[in-house]
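Trainee: Sequential numbering of the sequence shown, starting at 541, is according to my numbering.
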Amino acid sequence: MMDIDDIQGLVKVCWDDVRDRVAKIEPLFTKHVDNLSPDKSFPIYLAYYPYGAIEADTQSSLFPKQDGSFYRLTDSDVPKDIYKNLSYSINNAPLGMVLDKQLELFIDLKKEGITIPWLVYTPGMFFPFSAILSIKYHRTYAPNGILSSTAGARSVFMLPNIGSTSHHSTLQRDLNIKSSTPKSLYDHWHIFKEITAKSNWRCCVMYFSEKWVTKLHAESSWITLKNYLHELAWKHYEYERNRVYYDMTFSMIQKKRNLKPNPYLADTARHLFATAIGAAPGFVPALNEDALPLGDIQNAYTGSYGLKKYFPTVMRPSHFIFEKDKLPIYYSLQNPSTHIFSPKSREVTNMLLELRELENIMRIFSEELSKDKAKCSDTILGEIAKHVEFTYYHCKPDRYGVVRMTDEIIKIDKRFTSIPKKYKKPGAEFSSDAPFLRGCVSINRK
């Protein structure tokens with residue numbers, strides 16, 4: 541632990557040290573804290589995580605050391621000061637706020653070779669809300685051993701195929717990469733992490749000491765700040781609180797319209813609505829370094845790897861905000877990330893057939909949800925049905941005209957071609973035949 545902020549490891553500071561940084565991303569929180577004037581007896585810890593570092597796994601939080609290693613609060617060599625001020629979260633995570641870059645909360649399904657992005661934390665977001673909302677109760681509802689979080693995006697991948705063994709061997713030689721040739725999108729992150737091992741990219745998380753949390757619960761003078769955090773938590777869990785009603789509504793629509801779809805596609809349809817609402821992440825092209833050291837990765841693949849035919853477009857998880865986002869977010873049947881794992885009622889080898897069936901389910905759901913005086917007509921779900929468009933893509937033509945060709949995507953979304961000139965090789969183009977796009981759904985405001 542250091543008292544000098546050199547953007548490494550764990551740094552102990554006080555409110556005055558970070559106040560201006562926080563004000564830029566969370567001005568209202570800053571105003572409430574300023575009114576309380578917390579002094580140096582209210583320590584704060586700035587944790588700087590390199591890209592791909594696990595901030596918390598299924599066991600507990602991990603804190604960075606100056607030498608690049610990590611420790612848990614249960615470790616025998618944990619610094620006494622850290623243990624004293626942060627041990628209130630020994631089996632969970634201390635109350636924190638992202639100050640710079642992003643964190644991804646995800647489910648890692650190693651055997652299936654899939655990560656499910658659960659939540660993307662951006663600067664100004666707090667976690668976990670349980671630190672301020674929980675009261676002692678004899679019942680435990682939250683399971684353990686499911687979610688992990690990492691600095692930057694975990695569910696990230698190169699859009700064009702990077703599975704050439706010969707090209708990957710050159711990358712291994714030039715950059716001392718140990719990871720083998722990727723067999724799926726799941727493997728890309730491991731390689732990206734190695735490529736950027738020497739990067740100065742850091743995700744900064746601000747952790748509040750126990751005294752902050754104690755005051756929130758015990759001091760009447762802190763009630764305004766506590767209420768503000770409660771309001772943030774209430775908003776954060778809005779969808780989850782009402783999801784049972786949405787699920788019931790979807791079931792009633794299926795019954796009313798005598799809809800008996802493939803359970804897997806029905807779950808996918810519900811997940812697409814959750815993605816449109818912003819409750820579940822989708823995927824977008826990365827344009828900056830908020831989620832990962834993008835330039836280092838694109839440089840490695842256009843240089844050492846020799847990616848010449850296609851643009852080095854990297855996809856990252858993101859949340860769609862339909863009220864203000866003007867560009868689409870994407871989901872792919874080739875890279876499923878639903879939160880429910882219903883089996884397919886039949887094995888379908890024709891992706892175009894699956895897309896047409898999914899489009900039929902989505903169209904029926906939208907028709908019913910859009911009707912005046914429908915059960916969800918005045919909710920966010922009804923708004924989505926009226927104002928959000930779902931478009932289906934594949935690289936092969938659909939004779940029924942339901943599914944569009946993937947090369948049409950760049951006509952409406954220039955992010956796929958917004959690559960710095962130094963990473964655009966002569967003759968390179970948009971990778972319209974990328975695996976992710978062969979069964980892709982775009983979600984955009986009408």
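Note that beta-carbon positions come from the ideal geometry of N, C-alpha and C, so glycine has one too. Every value quoted in this text rests on a predicted model; they were computed, and no experiment measured them.
Rounded to whole angstroms, what is the Cα-Cα separation between Y777 and K864?
Mentor: When rounded, the distance between both Cα atoms is 20 Å.
Trainee: Just to confirm, are D626 and W762 a CB contact at a threshold of 8 Å?
Mentor: First, the amino acid is wrong: residue 626 is Leu here, not Asp. It is not a contact, given that the beta carbons lie outside the stated cut-off.
Trainee: Just the C-alpha distance for P966 and I817, rounded to the nearest angstrom, thanks.
Mentor: Roughly 39 Å between the two C-alpha positions.
Trainee: Taking the CB atoms as reference points, tell me whether Q548 and Y588 lie closer together than 8 Å.
Mentor: In this structure, Y588 lies closer than 8 Å to Q548 by Cβ.
Trainee: Does the beta-carbon distance from R856 to H927 come in below 8 Å?
Mentor: The answer is no: Cβ separation not under 8 Å.
Trainee: Run through the DSSP bridge pairs and tell me what I594 is partnered with.
Mentor: Answer is T690, bridged to I594.
Trainee: Which residues does DSSP list as the beta-bridge partners of F956?
Mentor: Its beta-bridge partners do not exist; DSSP assigns none.
Trainee: Which of the three DSSP states is assigned to M631 in this structure?
Mentor: The question names Met, yet the displayed sequence has Asn at residue 631. N631: coil per DSSP, three-state reduction.
Trainee: Assign P567 to one of two classes, buried (16 or more other C-beta atoms within 10 Å of its C-beta) or exposed (fewer than that).
Mentor: Flag for P567 reads exposed.
Trainee: Let's test the definition: count the other Cβ atoms within 10 Å of the Cβ of S609 and tell me whether it reaches 16, buried, or not, exposed.
Mentor: It counts as exposed.
Trainee: Return the residue from the list K564, P634, F569, D556 that minimises the CA-CA distance to S581.
Mentor: When each option's Cα is compared against that of S581, the closest is D556.
Trainee: Which two residues bound the contiguous alpha helix (DSSP H) that contains G922?
Mentor: From DSSP, the alpha helix (DSSP H) with G922 extends over 920-927.
Trainee: Do G846 and T710 have their C-beta atoms closer together than 8 Å?
Mentor: In contact: G846 and T710 (Cβ atoms closer than 8 Å).
Trainee: Please state whether DSSP places T853 in a helix, a strand or coil.
Mentor: Note: T853 maps to coil in three-state DSSP.
Trainee: My guess is that D947 and S972 are in contact by the Cβ rule of under 8 Å, so how many angstroms apart are they, rounded?
Mentor: Indeed, because the Cβ distance is near 4 Å, the residues count as touching under 8 Å.
Trainee: Is it true that the CB of P825 sits closer than 8 Å to the CB of M698?
Mentor: Taking 8 Å as the Cβ cut-off, M698 and P825 do not qualify as a contacting pair.
Trainee: Would you kindly work out how many angstroms separate the C-alpha atoms of M891 and F569, rounded to a whole number?
Mentor: Distance between the alpha carbons of M891 and F569 is about 48 Å.
Trainee: Assign W752 to one of two classes, buried (16 or more other C-beta atoms within 10 Å of its C-beta) or exposed (fewer than that).
Mentor: Label assigned to W752: buried.
Trainee: Return the CA-CA distance between D579 and K755, expressed in angstroms with no decimal places.
Mentor: Spanning the two alpha carbons is a distance of roughly 13 Å.
Trainee: Among residues of its own chain, excluding the 5 on either side of I594, which ones have a beta-carbon nearer than 6 Å to its beta-carbon?
Mentor: The answer, listed in chain order, is L602, T690.
Trainee: Please state whether DSSP places M698 in a helix, a strand or coil.
Mentor: Here M698 sits in strand by DSSP.
Trainee: Please tell me whether S719 and E644 are closer than 8 Å, where the distance is taken between their beta carbons.
Mentor: Result no, Cβ atoms of S719 and E644 do not sit closer than 8 Å.
Trainee: Once you ignore the five residues that flank Y726 on each side, which residues in its own chain have a CB closer than 7 Å to its CB?
Mentor: For Y726, where only same-chain residues beyond five positions count, the Cβ hits under 7 Å are G653, I654, T655.
Trainee: Quick check: what's the CA-CA separation for P619 versus V745?
Mentor: Going from the Cα of P619 to the Cα of V745 covers about 19 Å.
Trainee: Hey, how far is the Cα of Y786 from the Cα of K961?
Mentor: Y786 and K961: Cα-Cα distance of roughly 46 Å.
Trainee: In this structure, does DSSP put I880 in helix, strand or coil?
Mentor: I880: coil per DSSP, three-state reduction.
Trainee: Which word fits R978, buried or exposed, when buried means at least 16 other C-beta atoms lie within 10 angstroms of its C-beta?
Mentor: Looking at its Cβ environment, which holds 16 or more other Cβ atoms inside 10 Å, R978 is buried.
Trainee: To the nearest angstrom, how far is it from the Cα of A914 to the Cα of K571?
Mentor: Between A914 and K571, the C-alpha separation is close to 42 Å.
Trainee: How is T815 classed by DSSP in three states: helix, strand or coil?
Mentor: Helix at T815.
Trainee: Give every residue of the same chain whose Cβ lies closer than 8 Å to the Cβ of S724, excluding the five residues on either side of it in the sequence, and list them in chain order.
Mentor: For S724, where only same-chain residues beyond five positions count, the Cβ hits under 8 Å are G653.
Trainee: Where are the alpha helix (DSSP H) runs, 4 residues long or more, that stay fully inside the stretch 726-752, in chain order?
Mentor: Runs of the alpha helix (DSSP H) inside the stretch 726-752: 728-735.
Trainee: In whole angstroms, what is the alpha-carbon distance linking C554 and P722?
Mentor: Approximately 44 Å between the Cα atoms of the pair.
Trainee: Are the CB atoms of P821 and P657 nearer to each other than 8 Å?
Mentor: Closer than 8 Å, so yes.
Trainee: Let me know the secondary structure DSSP gives S872 once reduced to three states.
Mentor: Note: S872 maps to strand in three-state DSSP.
Trainee: Using 8 Å for Cβ pairs, my map puts Y963 next to S739. What's the rounded Cβ distance?
Mentor: With a Cβ gap of about 16 Å, Y963 and S739 do not count as contacting.
Trainee: So G636 and I565 are supposed to be a Cβ contact under 8 Å. How far apart are they, rounded?
Mentor: Between I565 and G636 the Cβ distance is about 13 Å, and since that is not below 8 Å, they are no contact.
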